[in-house]
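Under the working numbering, the first residue of the sequence shown is numbered 3, with each subsequent residue one higher. All C-beta atoms, glycine included, are put in the ideal place defined by N, C-alpha and C. Report on the structure given below.
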Amino acid sequence: MNLRIEKGRKGDFWADQLPEGIALVRGCDKIILIAAAASFLISLVYVLYAGAKEDAMMHEVMPWLAMPFFVCGVIFYIRSKYWILLILAAAATVLWFVDIVPMTLIFLLFFLLIGASGVAAVVDAVQRIVFYRVLRRIEYINIKNKLTMKDKLAAFVFNVPENLDTRNITMDYELSRTKMPWKEVGNSISLGLMVGMFIWIYLSMNPVFMNLSSESSAPLLMFTLILYIPVLVMPWTIFRSLNVRIETNYRDFKVYNGIRATLQRMAIPVVAALFFVLVAINTSDIYTVAYYIMLSAVMIVVILTTVSVLYYWVFEAVTINDIISKWKMFRPVPVFARLEDGGKRPPQDDVAGTPRRDKNDFGELVLPEDK
Numbered sequence: 003m004n005l006r007i008e009k010g011r012k013g014d015f016w017a018d019q020l021p022e023g024i025a026l027v028r029g030c031d032k033i034i035l036i037a038a039a040a041s042f043l044i045s046l047v048y049v050l051y052a053g054a055k056e057d058a059m060m061h062e063v064m065p066w067l068a069m070p071f072f073v074c075g076v077i078f079y080i081r082s083k084y085w086i087l088l089i090l091a092a093a094a095t096v097l098w099f100v101d102i103v104p105m106t107l108i109f110l111l112f113f114l115l116i117g118a119s120g121v122a123a124v125v126d127a128v129q130r131i132v133f134y135r136v137l138r139r140i141e142y143i144n145i146k147n148k149l150t151m152k153d154k155l156a157a158f159v160f161n162v163p164e165n166l167d168t169r170n171i172t173m174d175y176e177l178s179r180t181k182m183p184w185k186e187v188g189n190s191i192s193l194g195l196m197v198g199m200f201i202w203i204y205l206s207m208n209p210v211f212m213n214l215s216s217e218s219s220a221p222l223l224m225f226t227l228i229l230y231i232p233v234l235v236m237p238w239t240i241f242r243s244l245n246v247r248i249e250t251n252y253r254d255f256k257v258y259n260g261i262r263a264t265l266q267r268m269a270i271p272v273v274a275a276l277f278f279v280l281v282a283i284n285t286s287d288i289y290t291v292a293y294y295i296m297l298s299a300v301m302i303v304v305i306l307t308t309v310s311v312l313y314y315w316v317f318e319a320v321t322i323n324d325i326i327s328k329w330k331m332f333r334p335v336p337v338f339a340r341l342e343d344g345g346k347r348p349p350q351d352d353v354a355g356t357p358r359r360d361k362n363d364f365g366e367l368v369l370p371e372d373k
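Listed below in structure tokens is the structure:
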């Protein structure tokens, strides 16, 4: 790895890639990501092909976009050896083919048994990819002479102030959960509802959605679109869990609060646009639109709660341990040394033979009284 020092506005820094060996992505994560990408492309091609037909029904075609999560869920269960859930999913498929249970119920059952685990596995893999890359991008973002497009995107998404010295980035190293972090789940749900506003605008403006042949098909279409919300909002929860922050002499800047503030700023005009669409553009019954909005909100809460419980129960502890174990590779020494200890670790009182020195040995500064 070639190390190159780059001149910045506030100091020099190493202009290299992440240290070798700091990667968090495992072999199973690569399999999950490849399977998700391949199945998404296949399902997208099918949806575009089938949707182009004159007699195509949107609510029958769109559920195929959930295939990536189903595939990843199957991979997760095979690796985890949870065969009983696969058996239950197979039984549900049989009930559908013999026309005992309607398609909507089968689709929901598939997601609850398999798809939610697939979403959680994708979220975990994405977290492992982005965590140290995001920290590296933010670390020197405000001392560079010239920002790249990636730097500008990171500054916008994480709402990084221009006058903040971002080099002193750190996190907590002793995270231990003894119960389900419902506060974290609540934060994911609130972010999901913000993202859901964009979906509501699309649905209210789309005549295909508002003119579905039956009301029972509408939840299936919304459910498919909402499946992707956890993949958009949950990867950033790792920054909240580890309290990733930029320390200052005053109030610390928390990275998770930055992306949350960005979504909140974007949500304000979206809410205004939503009411404009409902009143001025959409020709459908406003009560019907409100019903679908409430229904999608309930679905967002249910889906994010299910995925969050699976993620915090199965994935989070392992990911956090891997992140903490490799933190010293990302930050081997403190960026700013304290005057009192010279940047070194202070002596440990519980270690025998630790040398101690009285600060009075350095003498005292006495100023003349008449000066």
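Backbone CA spacing between residue i and residue j [nearest angstrom]
i	j	result
Pro237	Asn259	14 Å
Ile283	Met331	Because the pLDDT at Ile283 is just 48, under 50, the model does not fix this residue reliably, and the point stays unresolved.
Ser190	Val63	29 Å
Ser119	Arg253	38 Å
Asp343	Arg169	Low confidence applies to Asp343: its pLDDT is 47, below 50, so where it sits in the model is not reliable, and the reading given next is rough at best. Each residue's alpha carbon lies about 20 Å from the other.
Ile131	Lys55	39 Å
Asp324	Leu26	7 Å
Leu306	Leu177	22 Å
Phe71	Asp153	31 Å
Ile295	Ile326	41 Å
Pro163	Pro183	29 Å
Phe158	Ile248	16 Å
Ile77	Val121	12 Å
Leu115	Leu312	11 Å
Ile171	Leu20	15 Å
Thr308	Lys148	43 Å
Glu186	Met151	31 Å
Gly194	Met268	13 Å
Lys328	Ile24	6 Å
Trp315	Tyr293	33 Å
Asn251	Leu244	20 Å
Gln266	Val257	15 Å
Arg333	Ala39	32 Å
Lys32	Val128	10 Å
Phe133	Val320	14 Å
Gly117	Glu22	34 Å
Leu297	Gly188	18 Å
Ser310	Arg139	27 Å
Val246	Cys30	26 Å
Candidates the options, of which the one nearest residue i by Cα
i	options	result
Arg242	Ser298, Leu26, Glu318, Leu312	Glu318
Leu67	Met199, Glu249, Ser45, Phe332	Ser45
Ile322	Ile231, Phe160, Asp126, Ala52	Asp126
Tyr175	Cys30, Pro232, Ile240	Ile240
Lys146	Val159, Tyr134, Thr250, Leu166	Leu166
Ile231	Met196, Arg81, Val246, Leu115	Met196
Glu141	Arg179, Ala292, Tyr313, Phe255	Phe255
Met301	Lys328, Gly198, Trp315	Gly198
Tyr48	Ala37, Val309, Leu297, Pro65	Pro65
Ile36	Ala52, Cys74, Gly53	Cys74
Ala123	Gly188, Ala263, Tyr79, Ser41	Tyr79
Leu137	Met151, Val121, Ile116, Phe160	Phe160
Ala263	Thr250, Asn251, Leu244, Val235	Val235
Arg135	Ala156, Glu186, Thr150	Ala156
Val304	Tyr314, Ile24, Leu229	Leu229
Phe42	Thr226, Leu149, Phe133	Thr226
Ile261	Val316, Ser192, Ser298	Ser192
Phe113	Met69, Arg179, Leu50, Thr180	Met69
Ile34	Ser298, Ile143, Arg81, Gly188	Arg81
Residue interval of the alpha helix (DSSP H) (run including residue i)
i	result
Trp329	329–332
Pro232	231–235
Phe70	What sits at residue 70 in the sequence shown is Pro, not Phe. Segment 69–82, the alpha helix (DSSP H) holding Pro70.
Ile34	29–53
Gly120	118–141
Phe241	239–243
Residue i, DSSP secondary structure in three states
i	result
Phe160	coil
Thr172	strand
Asn189	helix
Thr180	coil
Leu114	helix
Asn165	coil
Leu20	coil
Ala299	helix
Leu155	helix
Ala25	coil
Residues that DSSP places opposite residue i in a beta bridge
i	result
Ile248	Ile171, Phe255
Min CB distance residue i to chain C below 8 Å
i	result
Ala319	Although the question refers to chain C, the structure presented lacks it and comprises just one protein chain.
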